[in-house]
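Engineer:
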Amino acid sequence: MAQYARTKGSIALITLTNPPVNALSAAVRKGITEAVARAFKDTRVKAVVLCGENGKFCGGADIREFAKAMSGPPLVPMIHAIEAGEKPVVAAIEEMALGGGLELALGCHYRVAHAKARLGLPEVTLGLLPAAGGTQRLPRLTGIPAALDLITTGRHISAQEALKLGIVDRVTEGNAVEAAVELALSVVGRPLAPRRLSNHATPLPADLDGVFEEVLVQVKRRARGAMAPVACAKAVRAAAELPYSRGLECERELMNTLFTSGQARALQYCFFAQRAAGKWSLPNGARWDNSRPRAVHTAGVIGLGTMGRGIAVCLVKAGISVVAVETEEKQLDSGRRAVRGMLERDAKRRGVTAPLHMITFTLSMQQLRDVDLVIEAVFEDMALKKSVFAELSRVCRPNALLCTNTSGLDVDELASVTDRPPLVVGMHFFAPAHVMKLLEVICGPRSSPETVATAMTLGKRLGKVSVAVGNCPGFVGNRMLKLYLDQAHFLLEEGASPEQVDQALEEFGFALGIFKVADLSGLDIGWRVRKAAGLIGPDVDPKFPSRHRQGRRYCPLPDLLCEQGRLGQKSGRGWYLYDSAGGKEARPDPAISSFLQEYRLRYGISARRITEQEVVERCVFVLANEGFRILEDGMAAAPEDIDMVYVFGYGWPRHRGGPMFHAAQVGLATVLQRLEFYHRQNPDIPHLQPSTLLRRLVGARSPPMQQWKQHIRSINSQL
Ligand SMILES: CC/C=C\CC(=O)SCCNC(=O)CCNC(=O)[C@H](O)C(C)(C)COP(=O)(O)OP(=O)(O)OC[C@H]1O[C@@H](n2cnc3c(N)ncnc32)[C@H](O)[C@@H]1OP(=O)(O)O
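Using full-length UniProt numbering, you'd call the opening residue of the sequence shown number 1 and step up by one each time.
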């Protein structure tokens with residue numbers, strides 16, 4: 001809807017009304033169309049101001065309507081009518097002008113923004129392009145390079161940046177609607193033709209081809225296989241080469257292809273899944289909207305290794321005072337230097353002063369006595385963590401929350417050594433913790449609603465996507481990762497090379513192949529975990545380690561690599577070769593190729609040709625299969641939560657939605673059939689055996705994801 005009012009005698013004020021973000025639903029488009037026609041007809045009206053209710057201009061097209069048949073007036077002619085009108089129209093941009101909202105503003109003759117407003121064309125993040133003239137008007141206003149940047153990345157910009165780029169005419173610290181009304185009064189009678197962006201010629205850079213080539217390289221690197229950024233670049237190219245009306249046709253054709261694509265569906269699914277993940281609930285009835293989080297002003301971080309450093313930086317950047325604790329002077333010193341360096345670099349990038357005063361470094365746990373919450377990030381060892389938690393019980397005030405950054409240990413076992421099990425919760429960050437967006441919040445069976453609410457809210461404050469998960473070994477992400485890695489290792493035994501597996505996964509869209517990721521994380525991490533799990537021990541023959549352990553197939557290849565000192569990037573050699581220890585550029589290593597050949601020879605394995613399809617299916621379907629088991633076990637509340645863990649924590653390609661969404665898109669019956677096929681070939685890999693839930697869903701004719709929960713017969717759900 002849109003409200004119509006007349007102000008200052010001659011200004012029509014049209015207010016978009018569709019909470020929470022005044023999205024351009026069919027009703028809003030109808031309201032604007034009618035209100036603008038009324039204003040143009042009313043002889044008392046000399047100019048028009050467009051604004052949004054509740055201090056928000058417009059969040060763009062109504063994404064919920066994309067899945068339905070189109071109804072109501074389309075955006076393009078509506079915006080054209082505004083631009084072609086004979087009365088000046090001014091957009092008053094408060095809080096946001098995004099997507100169709102910014103396109104609407106670009107169709108207005110003038111734009112005023114509040115200093116805190118954010119502007120952008122984020123359609124690309126939904127698998128689309130700005131198809132209400134945005135790809136044609138913006139380049140005419142800002143020139144090609146800036147338009148390409150905004151449209152292909154979808155990034156939001158500040159009002160100040162918008163002013164510099166010429167996207168807005170004025171920025172005000174005061175009331176933007178009042179400023180827009182003043183501007184409207186002042187421009188009455190001025191010629192409108194120069195203000196119509198569709199009339200402008202597009203300013204062209206000297207090296208047009210070079211600019212586009214560079215952008216295409218960038219977009220392909222950022223999101224391999226994603227269609228929308230490439231289509232965005234093509235549409236902007238049309239603005240450079242074609243008259244406006246033909247450019248608009250090109251924009252429409254490109255949009256038609258994107259609109260019905262699986263990638264657009266996946267990206268829009270991610271948009272809603274990300275928001276749904278924040279709406280957690282527990283079996284005891286506690287929910288995101290009935291549980292109050294505690295205020296967190298001060299926090300302790302124990303352990304200044306890679307994880308602790310990143311966590312401390314996140315907390316300080318969110319305005320939380322931190323007490324960072326280490327056990328020895330040397331570690332404390334190097335931790336202090338690293339944390340300060342990260343804060344200083346970040347502050348320099350943002351042109352502000354580094355908030356170094358907000359963090360203190362100490363060797364004494366006693367300094368934690370007054371903090372609101374502690375995040376333990378010590379070595380992944382249960383006995384060590386238990387001793388830390390027992391000590392925290394003694395030192396911290398009785399109502400302080402105790403959180404662990406364990407990546408897979410039993411949170412309840414840790415809670416049991418404290419005097420406050422309801423105040424204990426897992427907060428599993430991902431490395432590097434100040435960069436990665438995912439936070440798994442592990443709800444122990446005794447974690448109180450207030451504790452879960454505090455951890456979830458704190459995650460959001462740190463800029464993370466917080467996903468509530470149950471307390472089982474590896475939680476959601478690492479429980480699935482283990483099986484994915486196992487498949488990759490088995491493929492090496494059977495004849496693949498690390499680079500072949502990685503290439504297939506990267507072609508699928510993963511940011512990095514699994515072996516590159518393993519090298520980056522350090523191969524010794526998994527080695528230690530396997531030792532702790534009793535998979536490696538004195539009974540294993542060092543010369544001829546068994547390929548069968550704990551009742552199932554086991555691949556000793558990564559252990560053998562670790563024994564050779566090949567620990568990944570940090571040692572300059574892992575599955576790949578690096579220039580030096582800590583080097584980043586992964587090169588295939590002929591030594592690995594010979595090592596694999598010798599290994600196969602020793603075990604009598606005849607290498608076979610492995611297709612890209614097999615690599616992707618085995619790695620990706622095993623992830624989904626374990627996801628179904630996680631749902632059955634009640635360790636994740638919904639398939640959307642599992643998908644968000646993979647998208648934000650494990651480099652899963654967002655344009656494929658997540659492993660569960662992907663399985664649904666491929667077809668559950670196909671996934672079942674392919675898993676059965678691979679399991680027949682590998683009966684000693686139990687995780688290739690299709691899960692009960694997958695079978696049940698296929699038996700129920702593959703219902704939509706929203707109905708999967710109805711087919712789960714979990715008696716012990718933790719979520
Ligand atoms: C011809 C095609 C022309 C145009 C195409 C487009 O315009 S596509 C849409 C482009 N716009 C966007 O991509 C903006 C999407 N929204 C956001 O980025 C954020 O929601 C926003 C606006 C920055 C606000 O962020 P905030 O953190 O304050 O709130 P939150 O994200 O939790 O959203 C609140 C609720 O609003 C719903 N919502 C947001 N935007 C839209 C939208 N465009 N359409 C429909 N619904 C939207 C969001 O889902 C939340 O709903 P809830 O039920 O509360 O979870």
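Ideal Cβ placement from N, Cα and C applies to all residues, glycine included. Please read these numbers as outputs of a predicted model, since none were measured by experiment.
If you reduce the DSSP assignment to three classes, tell me which class Ala455 lands in.
Structural biologist: Here residue 455 refers to the residue found at position 455 of the sequence shown. Correct three-state label for Ala455: helix.
Engineer: Mind checking Ala61: buried by the 16 CB within 10 Å criterion, or exposed?
Structural biologist: Working through the sequence shown from its first residue, we reach residue 61 at position 61. When all chains shown are included, Ala61 counts as buried.
Engineer: Would the C-beta of Asp62 count as close to ligand 1, meaning under 7 Å from any of its heavy atoms?
Structural biologist: Here the question's residue 62 lines up with position 62 in the sequence shown. True, at least one ligand heavy atom lies under 7 Å from that Cβ.
Engineer: Using the beta-carbon count (16 or more within 10 Å), is Pro703 buried or exposed?
Structural biologist: Stepping through the sequence shown from its first residue, residue 703 is reached at position 703. Under this definition Pro703 is an exposed residue.
Engineer: DSSP on Arg170, reduced to helix/strand/coil?
Structural biologist: Taking the sequence shown and counting its residues from 1, the one referred to as residue 170 is at position 170. In the structure shown, Arg170 falls within a strand segment according to DSSP collapsed to helix, strand and coil.
Engineer: Could you check whether Leu439 and His428 sit closer than 8 Å to each other, using their CB atoms as the reference points?
Structural biologist: Here residue 428 corresponds to residue number 428 of the sequence shown, with the count starting at 1. Here residue 439 corresponds to residue number 439 of the sequence shown, with the count starting at 1. Contact: yes.
Engineer: Going by other Cβ atoms of all chains shown within 10 Å of its Cβ, with 16 needed for buried, is His357 buried or exposed?
Structural biologist: Reading the sequence shown from its first residue, position 357 is the one you call residue 357. Looking at its Cβ environment, which holds fewer than 16 other Cβ atoms inside 10 Å, His357 is exposed.
Engineer: Beta-carbon separation of Gly509 and Gly225 under 8 Å?
Structural biologist: Position 509 of the sequence shown, counting from 1, holds the residue named residue 509. Position 225 of the sequence shown, counting from 1, holds the residue named residue 225. Contact flag set, yes.
Engineer: Are Thr362 and Val301 closer than 8 Å when you measure CB to CB?
Structural biologist: On the sequence shown, residue 362 is found 362 positions in, with the first residue counted as 1. On the sequence shown, residue 301 is found 301 positions in, with the first residue counted as 1. Taking 8 Å as the Cβ cut-off, Thr362 and Val301 do not qualify as a contacting pair.
Engineer: Are there 16 or more other CB atoms within 10 angstroms of the CB of Thr260, so buried, or fewer, so exposed?
Structural biologist: Sequence index remark: in the sequence shown, residue 260 carries index 260 (1-based). Counting Cβ neighbours within 10 Å, Thr260 comes out exposed, since fewer than 16 surround it.
Engineer: Is the Cβ-Cβ distance between Glu617 and Arg674 less than 8 Å?
Structural biologist: Position 617 of the sequence shown, counted from the start, is the residue given in the question as residue 617. Position 674 of the sequence shown, counted from the start, is the residue given in the question as residue 674. In this structure, Arg674 lies closer than 8 Å to Glu617 by Cβ.
Engineer: Taking 7 Å as the line, does the beta carbon of Arg275 fall inside it for any heavy atom of ligand 1?
Structural biologist: Within the sequence shown, numbered from 1, the residue matching residue 275 stands at position 275. Arg275: yes, Cβ under 7 Å from ligand 1.
Engineer: Alpha carbons only, please: which of Leu129, Gly143 and Val465 is nearest the one belonging to Leu254?
Structural biologist: Position 254 of the sequence shown holds residue 254. For Leu254, the nearest C-alpha among the options comes from Leu129.
Engineer: Assuming contact is defined by CB atoms lying nearer than 8 Å, are Leu481 and Tyr650 in contact in what I supplied?
Structural biologist: Counted from its first residue, the sequence shown places residue 481 at position 481. Counted from its first residue, the sequence shown places residue 650 at position 650. Yes, Cβ-Cβ distance for Leu481 and Tyr650 is below 8 Å.
Engineer: From the DSSP secondary-structure annotation, give me the bridge partner or partners of Met96.
Structural biologist: As a first step, residue 96 must be located in the sequence shown, where it is residue number 96. Partner(s): Arg118.
Engineer: Where do the ends of the beta strand (DSSP E) carrying Tyr4 lie?
Structural biologist: In the sequence shown, residue 4 corresponds to position 4, counting from 1. Per DSSP, Tyr4 belongs to the beta strand (DSSP E) from Ala2 to Thr7.
Engineer: Would DSSP call Tyr244 helix, strand or coil?
Structural biologist: Locating residue 244 in the sequence shown gives position 244, counting from the first residue. When DSSP states are grouped into helix, strand and coil, Tyr244 belongs to the helix group.
Engineer: What residue does the alpha helix (DSSP H) around Leu694 start on, and which one ends it?
Structural biologist: As a working mapping, residue 694 is identified with position 694 in the sequence shown. Here the alpha helix (DSSP H) through Leu694 covers Thr692 to Gly699.
Engineer: Report yes if the CB atom of Leu560 is closer than 8 Å to the CB atom of Gly522, and no otherwise.
Structural biologist: Along the sequence shown, one-based indexing puts residue 560 at 560. Along the sequence shown, one-based indexing puts residue 522 at 522. The answer is no: Cβ separation not under 8 Å.
Engineer: Give me the Cα-Cα distance between Arg602 and Arg340, rounded to the nearest whole angstrom.
Structural biologist: Here residue 602 corresponds to residue number 602 of the sequence shown, with the count starting at 1. Here residue 340 corresponds to residue number 340 of the sequence shown, with the count starting at 1. Rounded to the nearest angstrom, the two C-alpha atoms are 51 Å apart.
Engineer: Do Phe628 and Ser691 have their C-beta atoms within less than 8 Å of each other?
Structural biologist: Taking the first residue of the sequence shown as 1, we reach residue 628 at position 628. Taking the first residue of the sequence shown as 1, we reach residue 691 at position 691. Cβ distance < 8 Å, so Phe628 and Ser691 count as in contact.
Engineer: Taking the beta carbon of Met382 as the centre, do at least 16 other beta carbons fall within 10 Å, making it buried, or is it exposed?
Structural biologist: By 1-based counting over the sequence shown, the position of residue 382 is 382. Answer is exposed; the Cβ neighbour count stays below 16.
Engineer: Grab me the residues of Pro659's own chain with a C-beta within less than 6 Å of its C-beta, minus the 5 sequence neighbours each way, in chain order.
Structural biologist: Reading the sequence shown from its first residue, position 659 is the one you call residue 659. Counting only Cβ-Cβ distances below 6 Å, and skipping sequence neighbours, we find Leu623, Ala624, Gly627 and Tyr646.
Engineer: Taking the alpha-carbon of Arg553 as reference, which of Arg349, Ala496, Pro686 and Tyr269 has the nearest alpha-carbon?
Structural biologist: Here residue 553 refers to the residue found at position 553 of the sequence shown. Of the listed residues, the one whose Cα sits closest to Arg553 is Pro686.
Engineer: Count the other C-beta atoms from every protein chain shown that fall within 10 angstroms of the C-beta of Leu208, then say buried if there are 16 or more, exposed otherwise.
Structural biologist: The residue labelled residue 208 in the question sits at position 208 within the sequence shown. Counting Cβ neighbours within 10 Å, Leu208 comes out exposed, since fewer than 16 surround it.
Engineer: Rounded to the nearest angstrom, what separates Ala664 and Trp708 at their Cα positions?
Structural biologist: The count along the sequence shown starts at 1 and reaches residue 664 at position 664. The count along the sequence shown starts at 1 and reaches residue 708 at position 708. Roughly 11 Å between the two C-alpha positions.
Engineer: Kindly list the residues whose CB is nearer than 7 Å to the CB of Lys8, restricted to its own chain and excluding five residues on each side of it in sequence; keep chain order.
Structural biologist: Taking the first residue of the sequence shown as 1, we reach residue 8 at position 8. Cβ within range, chain order: Val181 and Leu185.
Engineer: Pick from Glu103, Arg654, Pro20 and Cys403: whose alpha carbon is nearest that of Pro421?
Structural biologist: Taking the sequence shown and counting its residues from 1, the one referred to as residue 421 is at position 421. Of the candidates Glu103, Arg654, Pro20 and Cys403, the one whose C-alpha sits nearest the C-alpha of Pro421 is Cys403.
Engineer: Output needed for residue 730: all residues of its chain with C-beta closer than 7 Å, excluding positions within five of it in sequence on either side, in chain order.
Structural biologist: Past the boundaries of the shown model lies residue 730; the chain is included only from 1 to 719, so the question cannot be answered.
Engineer: Quickly, what does DSSP pair Tyr578 with across the bridge? List them, please.
Structural biologist: Residue 578 sits at position 578 when you count from the first residue of the sequence shown. None, per the DSSP bridge assignment.
Engineer: If you drop the 5 nearest sequence neighbours on each side, which residues of the same chain put their C-beta closer than 6 Å to that of Lys46?
Structural biologist: Taking the first residue of the sequence shown as position 1, residue 46 is located at position 46. The residues are Ser10 and Val188.
Engineer: Ignoring anything shorter than 4 residues or poking outside the segment 603–647, list the alpha helix (DSSP H) runs there in chain order.
Structural biologist: Listed in chain order, they are 612–632.
Engineer: Looking at the structure shown, is Met436 part of a helix, part of a strand, or coil, going by DSSP?
Structural biologist: For the purposes of this step, residue 436 is identified with residue 436 of the sequence shown, where counting begins at 1. Looking at Met436 - three-state DSSP - the assignment turns out to be coil, as it is neither helix nor strand.
Engineer: Looking at the unbroken alpha helix (DSSP H) that takes in Ser321, where does it start and where does it end?
Structural biologist: As a first step, residue 321 is located in the sequence shown; it is residue number 321 there, counting from the start. Unbroken run through Ser321 is the beta strand (DSSP E), Ser321 to Val325; no alpha helix (DSSP H).
Engineer: Run through DSSP, which three-state label would Arg573 get?
Structural biologist: Along the sequence shown, one-based indexing puts residue 573 at 573. Note: Arg573 maps to strand in three-state DSSP.
Engineer: Which partner residues of residue 780 appear in the DSSP bridge assignment?
Structural biologist: The structure shown does not extend to residue 780, since the chain is modelled only from 1 to 719, so the question has no answer here.
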